[in-house]
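Asks: Every letter in the sequence shown is one number past the one before it in the numbering used here, and letter 225, counting from 1, is 215. One structure follows; several queries about it will come next.
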Amino acid sequence: TNDDLMRHCSAVAYLSLLLGLKLEGYLVRERKHVDPARAKEVRSLGLGAMLHDLGALTIPKEVREKYVGTGDDSDLAWRDHPVEGWRMVRGKIDASAASVVLHHHQRWDGSGYAGKDMPLLAGHRIHVFARIVAVADELDRLRNPVGGERRPTVWALSLLLGEQLRHRFDPEVLRTLVEVAPPYAPGTTVRLSDGRWAAVIEHNADQPCRPKVQVIPDPGALSMEDETPGEQFDLREANRSLYVAEAEGFDVGELNFQLPSPATLAAAA
-9 TNDDLMRHCS AVAYLSLLLG LKLEGYLVRE RKHVDPARAK EVRSLGLGAM
41 LHDLGALTIP KEVREKYVGT GDDSDLAWRD HPVEGWRMVR GKIDASAASV
91 VLHHHQRWDG SGYAGKDMPL LAGHRIHVFA RIVAVADELD RLRNPVGGER
141 RPTVWALSLL LGEQLRHRFD PEVLRTLVEV APPYAPGTTV RLSDGRWAAV
191 IEHNADQPCR PKVQVIPDPG ALSMEDETPG EQFDLREANR SLYVAEAEGF
241 DVGELNFQLP SPATLAAAA
């Protein structure tokens, strides 16, 4: 539905802006043809991210319904939505924002698509804004699969950073992703493997699945009298038998992952 599309585009725009702000230096390096002050400006990144799926509105209803029902984007008619969206916005918005609309399904490894008669691009030939939105788009699609129920963030990240998917995306953007969208964000309530409940108070970028936590009472049995702060500890320094076992209503003990090294990500790309 249009509401689903708006939710998705808003989520992608928000995450893309967080990534862009964190990747300021990378934007300057990747956009050498423009002044550094302009190169790190993210307004066009946000605009392109908000409009990235605009072309889906032009796709025949039966094609959209098939995609919503299956999540399968191999239909050539569906794969025209990037170029259709680009035709709607080109000349009306900054070219860097329009490139996001056209290239957000182009992949770092040369796979992907942009629409009929559009050439496949790879690596640095894809605009850095489109590379950022590609990661944000994929993460949101994994967390909120088309036609399916929401998945936990740690599940989505483990797939995106895993061997099957990571080669499709800019390694610099992937490395930054866990900093702005950690598997267990501060404020998240989790259950530990020893049965205790805890609140995440700080994430660790080097070991994203082992955050700093504070023990809290069982959320199902909270009372106004029980306000004593619990123990704080960093799971990086705890025994490996202690880990996050439940989050976002899911059993996640088997989903905790080690962050691939920069060399591994670079090699995969």
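For glycine and all other residues, C-beta sits at the position ideal for the given N, C-alpha and C.
1) Taking the beta strand (DSSP E) that Leu182 belongs to, which residues open and close that run?
2) Is it the case that the stretch 20 to 36 contacts the stretch 47 to 66, given that we only count it when at least three CB pairs across the two stretches are under 8 Å?
3) Which parts of the stretch 143 to 176 are runs of the alpha helix (DSSP H), unbroken and 4 residues or longer, counting only runs that do not cross its ends?
4) In whole angstroms, what separates the C-alpha of Tyr265 from that of Val24?
5) Assuming Phe119 and Ser89 make a contact with CB atoms under 8 Å, what is their CB distance in whole Å?
6) Skipping 5 residues on each side, what residues in its chain have a beta carbon closer than 6 Å to that of Pro172?
7) Residue ranges of each alpha helix (DSSP H) run of no fewer than 4 residues wholly in the stretch 19 to 94, ordered along the chain?
8) With a 10 Å radius around its C-beta and 16 neighbouring C-beta atoms as the bar for buried, classify Gly138 as buried or exposed.
9) So for Ala228, helix, strand or coil by DSSP?
10) Using only CA atoms, which one of Ser251, Leu9 and Val242 lies nearest to Ala262?
11) Would you kindly work out how many angstroms separate the C-alpha atoms of Gly102 and His157, rounded to a whole number?
12) Between the beta-carbon of Leu245 and the beta-carbon of Trp145, is there less than 8 Å?
Replies: Taking the structure as given:
1) For Leu182, the uninterrupted beta strand (DSSP E) run begins and ends at Thr179 to Leu182, by DSSP.
2) Contact fails: fewer than three Cβ-Cβ distances are below 8 Å.
3) Within the stretch 143 to 176, the alpha helix (DSSP H) runs of at least 4 residues that lie entirely inside it are, in chain order, 143 to 150 and 161 to 170.
4) Residue 265 is absent from the structure shown; the chain starts at -9 and stops at 259.
5) At roughly 7 Å, the Cβ-Cβ gap stays under 8 Å, so Phe119 and Ser89 are in contact.
6) Only His193 and Pro198 meet the Cβ criterion.
7) The stretch 19 to 94 is shown to contain whole alpha helix (DSSP H) runs of 4 or more residues at 26 to 29, 33 to 40, 51 to 60, 71 to 79 and 85 to 93, in chain order.
8) Answer is exposed; the Cβ neighbour count stays below 16.
9) DSSP, read as helix, strand or coil, puts Ala228 in coil.
10) Only positions -9 to 259 of the chain appear in the structure, and residue 262 is not among them; the question remains open.
11) It is roughly 12 Å from the alpha-carbon of Gly102 to the alpha-carbon of His157.
12) Contact: yes.
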